[in-house]
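6 protein chains.
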Amino acid sequence: MRIRVINPNTTAAMTAVIDQCARGVAAPGTVVESVTSGMGPASIESHYDEALAVPGLLAEIARGEVEGADGYVIACFGDPGLYAARELARGPVIGIAEAAMHTASHLGRGFSVVTTLARTVGQAEDLAERYGMQRFCLGIHATDIPVLELEDPKVRGVIADACRAAVAADGSDAIVLGCAGMADLCEYLTAEAGVPVIDGVAAATLSVQSLVTLGLRKSGYGEFAAPLPKQYTGLLAEFGTDEASR
Amino acid sequence: MRIRVINPNTTAAMTAVIDQCARGVAAPGTVVESVTSGMGPASIESHYDEALAVPGLLAEIARGEVEGADGYVIACFGDPGLYAARELARGPVIGIAEAAMHTASHLGRGFSVVTTLARTVGQAEDLAERYGMQRFCLGIHATDIPVLELEDPKVRGVIADACRAAVAADGSDAIVLGCAGMADLCEYLTAEAGVPVIDGVAAATLSVQSLVTLGLRKSGYGEFAAPLPKQYTGLLAEFGTDEASR
Amino acid sequence: MRIRVINPNTTAAMTAVIDQCARGVAAPGTVVESVTSGMGPASIESHYDEALAVPGLLAEIARGEVEGADGYVIACFGDPGLYAARELARGPVIGIAEAAMHTASHLGRGFSVVTTLARTVGQAEDLAERYGMQRFCLGIHATDIPVLELEDPKVRGVIADACRAAVAADGSDAIVLGCAGMADLCEYLTAEAGVPVIDGVAAATLSVQSLVTLGLRKSGYGEFAAPLPKQYTGLLAEFGTDEASR
Amino acid sequence: MRIRVINPNTTAAMTAVIDQCARGVAAPGTVVESVTSGMGPASIESHYDEALAVPGLLAEIARGEVEGADGYVIACFGDPGLYAARELARGPVIGIAEAAMHTASHLGRGFSVVTTLARTVGQAEDLAERYGMQRFCLGIHATDIPVLELEDPKVRGVIADACRAAVAADGSDAIVLGCAGMADLCEYLTAEAGVPVIDGVAAATLSVQSLVTLGLRKSGYGEFAAPLPKQYTGLLAEFGTDEASR
Amino acid sequence: MRIRVINPNTTAAMTAVIDQCARGVAAPGTVVESVTSGMGPASIESHYDEALAVPGLLAEIARGEVEGADGYVIACFGDPGLYAARELARGPVIGIAEAAMHTASHLGRGFSVVTTLARTVGQAEDLAERYGMQRFCLGIHATDIPVLELEDPKVRGVIADACRAAVAADGSDAIVLGCAGMADLCEYLTAEAGVPVIDGVAAATLSVQSLVTLGLRKSGYGEFAAPLPKQYTGLLAEFGTDEASR
Amino acid sequence: MRIRVINPNTTAAMTAVIDQCARGVAAPGTVVESVTSGMGPASIESHYDEALAVPGLLAEIARGEVEGADGYVIACFGDPGLYAARELARGPVIGIAEAAMHTASHLGRGFSVVTTLARTVGQAEDLAERYGMQRFCLGIHATDIPVLELEDPKVRGVIADACRAAVAADGSDAIVLGCAGMADLCEYLTAEAGVPVIDGVAAATLSVQSLVTLGLRKSGYGEFAAPLPKQYTGLLAEFGTDEASR
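Chains as they are written, first to last, in the UniProt record's numbering: chain W, 1 to 246; chain C, 1 to 246; chain A, 1 to 246; chain U, 1 to 246; chain H, 1 to 246; chain L, 1 to 246.
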């Protein structure tokens with residue numbers, strides 16, 4: 001089984017972190033292939049960044065389809081392009097917010113999200129609603145640490161403090177990490193927070209692995225069927241689906 | 001006051017229809033400028049198409065900001081890129097689904113949406129939820145007419161039949177047209193359907209005009225503040241916001 | 001186009017404030033006619049007051065129908081008698097809470113309401129729910145200033161403080177003013193609050209103007225059809241609809 | 001204990017039906033006093049009728065307070081003026097829709113409402129939402145029998161048919177009768193429908209009786225405190241609360 | 001009329017408290033029979049305790065059916081086994097959380113629950129949702145007093161403090177007592193809290209009495225029909241329903 | 001890793017079916033141990049059966065804790081005793097309805113449940129709500145096949161017909177099988193239904209496996225902490241937790 005984990009920003013260092021976390025949980029026999037988007041923003045911290053990360057993500061899905069990937073993880077907590085990716089892929093596609101929230105819902109009455117910039121909180125709320133996880137999502141807490149500064153060792157303590165404060169404020173049973181770039185902090189934060197801490201990269205990798213094991217993929221018709229053939233023009237002409245594609 | 005109406009697909013003929021409907025309702029003194037996206041799909045009929053229409057839309061918003069537009073209409077019923085556009089624009093941005101649903105909610109207990117392909121129904125449901133209009137949205141009905149065939153005179157009757165059937169099935173007080181390409185059918189369908197029929201292009205033009213008249217625009221901080229400066233690479237490098245932009 | 005703005009309390013001084021705000025935003029060619037209710041309470045600060053303001057409001061709607069009004073604004077934040085007024089009027093009727101909340105929803109993720117007495121907060125919650133605006137209404141904050149003291153210059157600062165406190169507490173993107181009597185404070189409060197401030201009188205005037213421009217009015221059958229002819233007796237006999245009326 | 005049952009329309013014949021049903025269930029020692037509104041519509045079949053039935057209802061509450069009533073039933077399925085009445089009364093006030101829906105929720109997973117005119121269905125939906133009973137209200141079915149024709153023996157079979165059809169369509173566990181004028185049909189319809197049938201007049205009488213027995217009444221401050229003293233003018237001047245009242 | 005009030009824990013002292021409260025409100029002619037469960041936990045303070053209190057409760061329902069009880073109160077705030085009891089009983093079965101929450105909803109905009117251990121708060125939330133009372137339930141506050149220590153006179157003041165704090169924090173119109181063991185504190189707490197305080201035991205006794213008076217019981221088919229005959233084995237063999245039972 | 005799959009009814013033949021499905025998806029290195037409850041009903045088809053299946057389930061959890069199980073599957077679609085089991089177990093516990101619904105939510109916009117008796121539909125609705133899956137659960141369809149007749153080859157076609165009818169009626173993207181006893185029909189039904197079909201036993205086995213791999217278990221304090229020590233009496237005295245336990 002081959003699972004492609006796509007980092008939809010263009011920062012390869014973050015892909016390395018993601019890759020390690022995904023490989024760390026995959027079953028024997030599951031091949032994890034982590035890739036970095038070839039176009040768009042260096043990090044995703046606004047609706048604008050997210051919208052413009054999607055073409056690069058979709059290009060990686062298209063490449064994965066050609067190369068035979070069995071399933072995909074979208075390794076950014078905004079789950080950018082999830083629905084479009086599901087149209088394009090034959091196998092399952094899971095976002096890390098989706099997987100982390102679902103996973104956390106099995107552990108108790110509710111979770112807190114600890115994330116990066118305050119301006120991304122609204123997007124996390126929207127995702128909780130989309131996935132039916134609103135009733136479990138007891139609070140979303142921003143640290144105002146930019147995504148690309150997460151690897152700075154000095155911020156670890158700030159995030160740990162935010163986790164503890166979130167548990168105290170929300171009475172939550174678990175913490176969901178609100179950025180793929182926090183994936184390697186999961187063990188440290190579990191020790192600090194006193195409640196389970198969930199890294200969406202690991203959670204999504206196992207969700208995709210489970211779906212592939214179960215032989216489950218979209219039905220092939222309806223909303224998530226392959227996009228209709230269509231002419232594309234301008235800068236994005238290569239994304240056109242009107243003849244050669246699929 | 002200058003309102004820019006953006007057709008986020010690349011089909012200029014549809015922009016002409018849209019332009020006429022927008023101009024038809026604007027107040028004296030309001031200048032309507034309709035533009036066609038310069039890149040992406042010829043029509044938007046999937047999540048994939050929608051995602052890839054957004055960069056072209058955002059390019060038009062950026063151009064409008066340089067050229068001094070006071071507000072924007074996104075003239076596609078999926079309201080693609082609405083949140084990203086709000087970050088980029090200083091003035092108000094309204095989607096046609098947003099405007100049409102809000103407008104319909106003033107006319108009675110609920111409305112039916114009559115739209116194009118069945119695979120777009122889920123997206124309309126998502127928008128109704130996002131805008132708080134779920135309680136007014138009594139049904140979404142697909143005609144399975146592709147967007148680019150809407151101008152064919154033969155389909156008018158099919159759409160009128162769908163409107164009548166929707167009113168009967170849902171007990172609705174109004175019809176919301178689920179595609180910018182139906183804008184010029186509004187008068188015909190009103191006569192046929194026996195209930196008010198709402199074209200989102202006209203509704204959104206007046207919503208933007210009202211917001212500009214009221215002097216209302218986003219607060220300038222928080223979720224919808226201008227995107228943070230950021231390096232973009234690859235095919236989308238020109239969308240980078242790290243120095244020259246804004 | 002003639003829009004009738006009805007102050008459903010009997011205080012003519014408040015009507016003057018309302019009139020100025022409505023006229024200030026109407027398009028050239030739109031005639032604003034503001035009227036004061038001829039019966040009922042001097043201000044509306046309880047469910048009791050609101051219920052007993054409705055007959056006077058409906059009398060004004062009936063008069064407007066005879067005199068050819070094209071649409072109506074109900075200029076009290078409780079939107080008293082909205083549904084009954086919609087039955088009676090041929091053209092659109094919009095309440096100022098309705099218009100303000102809808103308008104605010106276009107500006108960001110959510111708004112705070114700043115209002116008069118604490119005992120009216122529940123009514124504002126009910127309206128937010130009725131209009132589908134609950135998800136945007138992040139808080140309702142009472143100043144405990146009686147309606148008829150709003151014109152006292154000393155209270156301006158109290159309201160400005162409440163606006164700032166509401167934005168801080170709710171993380172809101174806009175303020176909705178919770179009383180028609182605050183309409184003339186909108187500009188002052190915008191400067192003080194640091195976020196957009198919305199006066200429902202102005203917003204509703206433009207909403208009605210837009211609906212009339214779009215040619216949209218209720219369908220004429222169903223829940224909001226004209227009331228059935230009926231015998232009325234006692235003090236309210238003149239409201240009877242059984243022969244002469246309509 | 002004295003319970004006042006108020007028929008908010010002006011049709012005394014309907015009060016007689018209501019009175020019999022209320023007396024039939026009251027405990028020994030509970031005095032039921034049924035009264036007919038002295039002003040307003042002969043029956044309530046629109047938002048307009050309902051709004052204009054409220055002053056008469058409130059006049060009866062005010063009279064009851066003077067005469068020492070311990071609690072009140074509002075005997076019209078729209079529960080007109082419920083919140084205003086709660087402000088005015090010291091003891092409990094219950095509407096028949098409120099009581100019937102709550103009572104039905106104890107009997108199974110959900111109920112159907114069988115009511116009079118189709119144009120009143122929306123109001124019943126609003127009430128189900130207000131009382132938290134939406135999840136139990138599986139359907140609202142109109143018979144299109146006018147309120148004042150309910151006593152015609154020929155309509156009994158039509159209502160029975162509607163009850164059976166509602167149970168079949170909704171899979172409901174009980175029927176809630178949607179009009180005070182149906183109160184005396186409860187026994188007949190129970191036999192016909194095959195599921196419990198709930199008359200709100202009887203249910204509300206017992207709800208009020210229970211609240212009085214429990215010594216429960218509003219707290220005396222906040223939203224439902226007595227209306228503030230206020231000057232009233234015009235036709236409704238007598239409703240003024242500024243000095244003599246309370 | 002004979003109402004059986006079942007204490008589903010095995011502590012007879014608590015049954016005595018419950019019995020007194022139930023008898024104190026029953027109408028003349030209503031016989032209250034309070035019983036203590038014969039098996040299971042001494043108090044119910046976890047999901048585990050609750051699950052294991054249900055067999056004892058159901059044994060009492062089965063005995064009540066043989067002995068001719070007309071209806072039942074489940075006198076534990078978790079309403080354990082309510083749905084199973086409804087299947088087994090011919091007459092109405094009401095839980096004290098159910099009755100207390102419904103009753104409180106008639107008194108204003110919302111109530112606070114004051115309860116025992118913090119770990120039971122989630123269960124109270126679930127019940128509020130199940131009964132449609134979420135919109136009225138403004139807060140659930142734990143005192144962390146164990147159930148079996150409620151009779152200690154020293155805890156009365158702690159509970160009174162919690163009631164006052166709850167009203168201040170939630171702006172609630174009433175207090176719902178979150179444990180049958182608090183039933184005898186209702187009068188004291190009403191004086192202390194300044195708002196109505198509701199004891200579910202009394203409220204449920206009157207709810208059952210009302211349902212029996214109204215002649216209302218489940219329909220006899222569907223979800224709450226008598227359990228199907230079935231073989232039971234092991235420790236619980238006596239609960240088998242396959243021949244002798246019913 | 002050792003996963004215990006508990007059949008909470010007493011029918012060993014069904015445990016054999018369940019065991020085969022669970023083993024069929026477990027990763028190399030995961031040991032699946034399927035057990036049959038030692039007490040209670042032969043099948044679970046009512047709230048009564050479900051309530052009385054819980055003690056046997058909890059006894060198996062307690063035994064698993066002694067024997068070192070790493071996680072548990074509750075293999076009945078009502079997910080009986082899930083919360084109590086979570087208190088008792090140190091590792092994760094997942095119900096098959098929970099797992100199946102979550103899994104289905106990753107495949108499209110919504111799923112239909114196809115189940116056994118109509119009287120169990122309400123319970124499935126409750127679970128969909130509890131897990132946040134209501135928005136994905138588009139319909140629940142009963143076949144009225146008793147649980148213990150599912151192994152009869154003649155019913156396969158009936159279930160296939162129900163799956164096809166559910167997809168047509170609901171427009172669903174997947175089928176969730178509403179009984180552990182249908183687990184071995186999953187492959188057959190996938191071929192027949194034309195959409196993915198999800199067996200909760202397999203889905204839950206992988207969910208537990210994923211949680212154990214991720215090192216995720218409850219936090220150890222709060223709602224799902226181990227039950228407090230407590231005296232139990234009567235038939236269930238052995239479930240007491242007051243000294244030896246844990």
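For every residue, glycine included, the Cβ atom is placed at its ideal position computed from N, Cα and C.
**Prompt:** In three-state terms, what does DSSP make of histidine 47/C?
**Reply:** helix
**Message:** Measuring straight from C-alpha to C-alpha, what distance separates arginine 156/W and leucine 150/W?
**Reply:** 8 Å
**Message:** Is it buried or exposed, alanine 183/C, if we count other Cβ atoms within 10 angstroms and call 16 or more buried?
**Reply:** buried
**Prompt:** Which residue comes first and which comes last in the beta strand (DSSP E) that contains glutamate 33/A?
**Reply:** 31-36
**Request:** Taking C-beta pairs closer than 7 Å, name the residues in chain A that glutamate 122/W reaches, listed in chain order.
**Result:** The residue you asked about is not glutamate; residue 122/W is glycine in the sequence shown. Residues of chain A passing the Cβ test: Arg109.
**Item:** serine 112/A, enclosing alpha helix (DSSP H) - first and last residue
**Value:** Where serine 112/A is concerned, there is no enclosing alpha helix (DSSP H), although the beta strand (DSSP E) it sits in stretches over 111-115.
**7 Å Cβ shell around arginine 246/W - same chain, five flanking residues per side excluded** = Since pLDDT at arginine 246/W reaches only 39, below the 50 mark, its modelled position is unreliable, and no value is offered.
**Item:** Selection from Cys76/C, Leu117/C, Ala160/C and Gly91/C that minimises the alpha carbon distance to leucine 144/C
**Value:** Correcting the residue type first, residue 144/C is aspartate in the shown sequence and not leucine. It is Leu117/C.
**Message:** With distance defined between alpha-carbon atoms, name the residue in Val25/C, Met14/C, Pro55/C and Glu33/C nearest to glycine 234/W.
**Reply:** Pro55/C
**Contacts around residue 301/L, its chain only, beta-carbon distance under 8 Å, and the 5 residues preceding and following it disregarded** = The structure shown has nothing for residue 301/L, since chain L only spans 1 to 246.
**Item:** Whether aspartate 173/W touches arginine 130/W by CB criterion (8 Å)
**Value:** no
**Asked** With a CB to CB cut of under 6 Å and the five nearest residues on each side skipped, what residues in its chain are close to alanine 244/C?
**Response** Because alanine 244/C sits at a pLDDT of 46, beneath the cut-off of 50, its placement in the model cannot be relied upon, and the following sentence gives the value as read from the coordinates. For alanine 244/C, where only same-chain residues beyond five positions count, there are no Cβ hits under 6 Å.
**Asked** Are the C-beta atoms of glutamate 223/L and some chain W residue less than 8 Å apart?
**Response** yes
**Asked** Taking Cβ to Cβ, would you say alanine 128/U is nearer than 8 Å to phenylalanine 77/U?
**Response** no
**Prompt:** CB isoleucine 96/H to CB aspartate 79/H, shorter than 8 Å?
**Reply:** yes
**Request:** List the endpoints of the continuous alpha helix (DSSP H) containing valine 5/A.
**Result:** Taken as a continuous stretch (DSSP letters only), valine 5/A belongs to no alpha helix (DSSP H), being part of the beta strand (DSSP E) at 2-7.
**Request:** Check the Cβ of aspartate 242/U against every Cβ in chain H and list those closer than 8 Å, keeping chain order.
**Result:** Going along chain H, no residue has its Cβ under 8 Å from aspartate 242/U, so there is no contact; the nearest lies around 25 Å.
**Message:** Please list, in chain order, the chain C residues whose beta carbon lies closer than 7 Å to that of alanine 49/W.
**Reply:** In the sequence under discussion, the amino acid at residue 49/W is aspartate, which differs from the alanine named in the question. Ordered by position in chain C, the residues that pass the 7 Å Cβ test against aspartate 49/W are Pro227 and Lys230.
**Request:** Using a Cβ cut-off of 8 Å (strictly closer), state whether lysine 218/L contacts chain W.
**Result:** yes
**Asked** In whole angstroms, what is the alpha-carbon distance linking alanine 99/L and alanine 203/L?
**Response** 6 Å
**Request:** Using the Cα positions of lysine 230/H and glutamate 33/H, report the straight-line distance between them to the nearest angstrom.
**Result:** 30 Å
**Request:** Under 7 Å between beta-carbons, which chain C residues line up against valine 195/A? List them in chain order, please.
**Result:** Ser219
**Request:** Count the other CB atoms, across all protein chains shown, that sit within 10 Å of the CB of residue 247/W; report buried if there are 16 or more and exposed otherwise.
**Result:** Not covered by the structure: residue 247/W. The range shown for chain W is 1 to 246.
**Residue burial classification, aspartate 152/W (beta-carbon count within 10 angstroms, cutoff 16)** = exposed
**Message:** Just verifying my parser: in three-state terms, what is the DSSP assignment at arginine 246/H?
**Reply:** Reliability of the predicted coordinates at arginine 246/H is poor, the pLDDT of 40 falling under 50, and the value obtained from them is presented with this limitation in mind. Residue state, collapsed to three classes: coil.
**Prompt:** How big is the Cα-Cα spacing for methionine 133/W and arginine 135/L?
**Reply:** 10 Å
**Request:** Report yes or no: do the region 185-203 of chain H and the region 61-71 of chain H share at least 3 C-beta pairs separated by less than 8 Å?
**Result:** no
**Request:** Look at the alpha carbon of glutamate 87/U and the alpha carbon of isoleucine 44/A, and state the distance between them as a whole number of angstroms.
**Result:** 14 Å
**Request:** Quick one: grab the DSSP three-state call for cysteine 186/W.
**Result:** helix
**Asked** Apart from the five residues on each side of it in sequence, which residues of its chain come closer than 6 Å, Cβ to Cβ, to leucine 216/C?
**Response** none
**Prompt:** What are the uninterrupted segments assigned as alpha helix (DSSP H) that are 4 or more residues long and contained completely in the region 124-184 of chain C, given in chain order?
**Reply:** 156-170
**Message:** Let me check understanding here. Comparing Cα to Cα, which of Val208/L, Leu185/L and Val73/L lies closest to valine 17/L?
**Reply:** Leu185/L
**Prompt:** For the region 128-157 of chain W, which residues have a CB atom closer than 8 Å to at least one CB atom of chain L, in sequence order?
**Reply:** Tyr131, Gly132, Met133, Gln134, Arg135 and Phe136
**Item:** Any non-hydrogen atom of the ligand SAH within 7 Å of valine 73/W CB
**Value:** Of the ligands one can find in the structure shown there are none, so the ligand SAH has no counterpart to examine.
**Request:** Consider the Cβ of phenylalanine 239/C: report whether some Cβ of chain W lies at a distance smaller than 8 Å.
**Result:** yes
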